[in-house]
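S.K.: Residue numbers (the numbering used here): 852 to 1336.
So that we are looking at the same thing, I have put the structure below in structure tokens.
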Ligand SMILES: [Zn+2]
């Protein structure tokens, strides 16, 4: 798969000049599907309504501050994935799921399912499953009305245990809140709602997005977003604090991500801000001091975890290259955090003043791969593009190929991941390769059915010749333990 030659968005002029009009089409569609990032994916997906490059691979200026804000939102998800305690824990857990899947690979090179796990391994699997699911669960109320929630007011908040392990005690907590919800049909409902990792992650990315849009374009209309999950943390902050402003809610939300148990940390941080309010102190200063302490306290442990991973992936395989790219980004961002724990706020403020600063930011912590969707039938060869924010190296090596192999390896592992245990590869439901729409390699041209339904079979295709295999095939090859490959 090729990336557009030498594409470097930030080198293009014009990013600082925002068009003030919000295009109606973008506004309508942005609510649901303009862009997406999932923690295990290491890839940002931009839909065809948010094009950043044209058909020839040339950068396009994003039309509005809101559109650029949506891109930044996804970029900050990646930043949080590689440089916060909860984000790195998510990456480390996904890597562990992949490792565990490897132990179920049989002599045919595919997973035989959970019957290959013994009792002790199965308990480990259950812990990973509960953790994975609760990190990714977004709470949504079961409304009596058919309308949409338009606003939320919290009237109580209690911390409770969510995921426990026999060895480590409480791993994740949840905040349970009583909330009054206003509905679009004019009715009011009362619900017991939950605030967990996803609510805090989404609130953080959305508040950063809003900060950018509001300061770069005072005329920009607010893009409509759902109350759940984006506005729940703000509602909770308004319950705990007397006068929370945007800055203090953002600082509290970002601060919580530096704990491996963000819900518990959020309550602690909000109480620090509340204490500052009641004693006449400066809430933001106190929150920043608390984040400083948390970042410093966790630093050695996070670096040790990265070192362990680097020791494990010390070979020259393409998967090792991808994993080491992630640990390198993590190290750079963790170092930035020691100087400025909430550095993403500075990134946003810099970009709002000068769009060309994107170049500087991407040179510090480059974005992961970006998949730009284009209009047209999904079966069109190479309908979509992969966009890199880093230039190709002199030896013409695609710097993000390794990241895509990691993405494919995690995609393969997570297809097997079910509540009852790993599934047998033979029973997996058919789903296309994540790079199906960007590819025109030999397998895609000659046996498209494999790419569309069972991309893991790419590894055993006999038509690859000497030109190398696709990234999914590389991922499966790296997943197979040495004895079965
Ligand atoms: Zn998001």
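Even for Gly, the Cβ is constructed at its ideal location relative to N, Cα and C.
Just so you know, these numbers come straight off a predicted model, no measurement behind them.
With distance defined between alpha-carbon atoms, name the residue in 1318, 1308, 1317 nearest to residue 1328.
M.R.: Out of 1318, 1308, 1317, 1308 has the C-alpha closest to the C-alpha of residue 1328.
S.K.: Give the secondary structure of residue 1043 by DSSP, where H, G and I count as helix, E and B as strand, and everything else as coil.
M.R.: Residue 1043 falls in the strand class under three-state DSSP.
S.K.: Using CA atoms only, rank isn't needed, just tell me which of 1082, 1152, 1089 is closest to residue 1110.
M.R.: Nearest of 1082, 1152, 1089 to residue 1110, Cα basis: 1152.
S.K.: Are the CB atoms of residue 1066 and residue 1203 within a distance shorter than 7 Å?
M.R.: Yes, these two residues count as a Cβ contact at 7 Å.
S.K.: Could you tell me whether the Cβ of residue 938 comes closer than 7 Å to any Cβ of chain C?
M.R.: Absent from the structure is chain C; it holds one protein chain and no more.
S.K.: What are the boundary residues of the beta strand (DSSP E) that residue 1276 is part of?
M.R.: Run containing residue 1276: none; DSSP gives neither H nor E here.
S.K.: Quick one: measure Cβ to Cβ for residue 1293 and residue 1272, integer angstroms, because I've assumed they're closer than 8 Å.
M.R.: Not a contact, Cβ separation roughly 36 Å.
S.K.: If you compare alpha carbons, which of 1140, 1279, 1216 is closest to residue 963?
M.R.: Residue 963 has its Cα closest to that of 1279, out of 1140, 1279, 1216.
S.K.: Indicate, with yes or no, if ligand 1 has a heavy atom lying under 6 Å from the CB of residue 886.
M.R.: Not under cutoff, so the answer is no.
S.K.: Please classify residue 1289 as buried or exposed, where buried requires at least 16 neighbouring CB atoms within 10 angstroms.
M.R.: Buried, since its Cβ has 16 or more Cβ neighbours within 10 Å.
S.K.: Could you have a look at residue 1292 and say whether DSSP puts it in helix, strand or coil?
M.R.: Three-state result, residue 1292: coil.
S.K.: Using the Cα positions of residue 1166 and residue 1301, report the straight-line distance between them to the nearest angstrom.
M.R.: Between residue 1166 and residue 1301, the C-alpha separation is close to 29 Å.
S.K.: Just to confirm, does residue 1124 get its C-beta within under 6 Å of one of the non-hydrogen atoms of ligand 1?
M.R.: No, ligand 1 has no heavy atom inside 6 Å of this Cβ.
S.K.: Find the nearest neighbour of residue 1084 within the set 1075, 1063, 1113, judged by alpha-carbon distance.
M.R.: With distances taken between Cα atoms, residue 1084 lies closest to 1113.
S.K.: Less than 6 Å separating the Cβ of residue 1195 from some heavy atom of ligand 1?
M.R.: Checking every heavy atom of ligand 1 against the Cβ of residue 1195, none is found closer than 6 Å.
S.K.: Using only the heavy atoms of ligand 1, determine whether one of them is closer than 6 Å to the beta carbon of residue 1050.
M.R.: No, the beta carbon of residue 1050 sits no closer than 6 Å to any heavy atom of ligand 1.
S.K.: Which runs of the alpha helix (DSSP H) at least 4 residues long sit entirely within the region 894-977? Give them in chain order.
M.R.: Entirely contained in the region 894-977, the alpha helix (DSSP H) runs reaching 4 residues are, in chain order, 916-934, 936-953.
S.K.: Quick check on residue 909: buried or exposed, where buried means 16 or more other Cβ atoms within 10 Å of its Cβ?
M.R.: Exposed, by the Cβ-count rule.
S.K.: Using the C-alpha atoms, what's the distance from residue 1035 back to residue 1008?
M.R.: Straight-line Cα distance between these residues: approximately 25 Å.
S.K.: Per DSSP, which residues does residue 1010 bridge with? Please list them.
M.R.: BP columns for residue 1010 point to 1026.
S.K.: Tell me the start and end of each unbroken alpha helix (DSSP H) in the region 1124-1187 that is at least 4 residues and wholly inside, in chain order.
M.R.: Here the runs fully enclosed are 1134-1163.
S.K.: Tell me, to the nearest whole angstrom, how far the beta carbon of residue 1141 is from that of residue 1184; I am working on the premise that it is less than 8 Å.
M.R.: About 19 Å; that fails the 8 Å criterion.
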